[in-house]
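Reading through the structure tokens given below for one structure.
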Amino acid sequence: MSRFIIRSLDSYNEKSYEIVTGKKTETSETVEYEYLSKLGKCKISVLEDRVIIDRDNNGIATILDVDMKRETEFVYYGEGFKKEFSLKGENLSYKDNILDFTYKILDGREEVNVISITIKEY
Numbered sequence: 015m016s017r018f019i020i021r022s023l024d025s026y027n028e029k030s031y032e033i034v035t036g037k038k039t040e041t042s043e044t045v046e047y048e049y050l051s052k053l054g055k056c057k058i059s060v061l062e063d064r065v066i067i068d069r070d071n072n073g074i075a076t077i078l079d080v081d082m083k084r085e086t087e088f089v090y091y092g093e094g095f096k097k098e099f100s101l102k103g104e105n106l107s108y109k110d111n112i113l114d115f116t117y118k119i120l121d122g123r124e125e126v127n128v129i130s131i132t133i134k135e136y
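Under this note's numbering, the letters of the sequence shown match residues 15 to 136, in that order.
This is how it looks when you write it as structure tokens:
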């Protein structure tokens with residue numbers, strides 16, 4: 015098992031910092047992180063120009079397909095709430111065992127939030 019530091023920041027200046035234990039798998043085409051965090055059971059798959067976030071939190075499954083070349087759709091489920099949004103990847107970098115990526119959440123053409131995530135293995 016590996017340990018990861020996960021940091022996130024959004025456009026509302028909400029910051030999150032967490033140290034988790036999990037598994038990292040690397041192939042020639044992907045890097046995958048699997049861990050349990052305060053957001054639930056998470057799997058992050060990193061491809062050349064795409065990040066797929068697969069999360070299950072108390073039975074609510076969410077998949078975010080963050081593509082750096084095109085907008086993608088996702089459905090947000092909250093308590094008594096369901097809404098469709100678009101995602102637009104802004105940047106993606108993986109080097110020296112550090113993953114950095116940023117994406118925008120859009121409601122139509124309106125920017126709702128910008129989220130930056132860093133995962134560092136230590």
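Just so you know, even glycine gets a beta-carbon here, dropped at the ideal spot from N, CA and C.
Note that the structure is predicted; figures quoted are calculated from it, not measured.
Review point. Grouping DSSP H, G and I as helix and E and B as strand, with all else coil, what is Asn111?
Key: If DSSP states are grouped into helix, strand and coil, Asn111 belongs with coil.
**Study point:** Inter-stretch contact at 8 Å, needing at least 3 Cβ pairs: the segment 96–103 / the segment 117–130
**Key:** yes
Check your understanding: With 16 as the cutoff for other CB atoms within 10 Å, does Gly36 come out buried or exposed?
Key -> buried
Review point. Helix or strand or just coil, what does DSSP make of Tyr136?
Key: coil
Exercise for review: Give me the Cα-Cα distance between Val34 and Asn71, rounded to the nearest whole angstrom.
Suggested key: 16 Å
**Study point:** Three-state class that DSSP yields for Ser25 in the structure shown
**Key:** coil
Point to revise | Rounded separation between Ser66 and Phe95 - CA only | key: Just to set this straight, residue 66 is Ile in the shown sequence, not Ser. The straight-line gap separating the alpha-carbon atoms of Ile66 and Phe95 is approximately 23 Å.
Point to revise | Delimiting residues of the beta strand (DSSP E) encompassing Arg12 | key: In the structure as shown, the chain starts at 15 and stops at 136, and residue 12 therefore has no counterpart that could be examined.
Practice item. Counting only the same chain and skipping the five closest in sequence on each side, list residues whose C-beta sits under 6 Å from that of Arg21. Key: Tyr31, Thr132
Check your understanding: Buried or exposed: Tyr26, going by 16 or more other Cβ atoms within 10 Å of its Cβ?
Key -> Exposed: under 16 other Cβ atoms inside 10 Å.
Exercise for review: Measure the C-alpha to C-alpha separation of Lys29 and Leu53 and round it to an integer number of angstroms.
Suggested key: 14 Å
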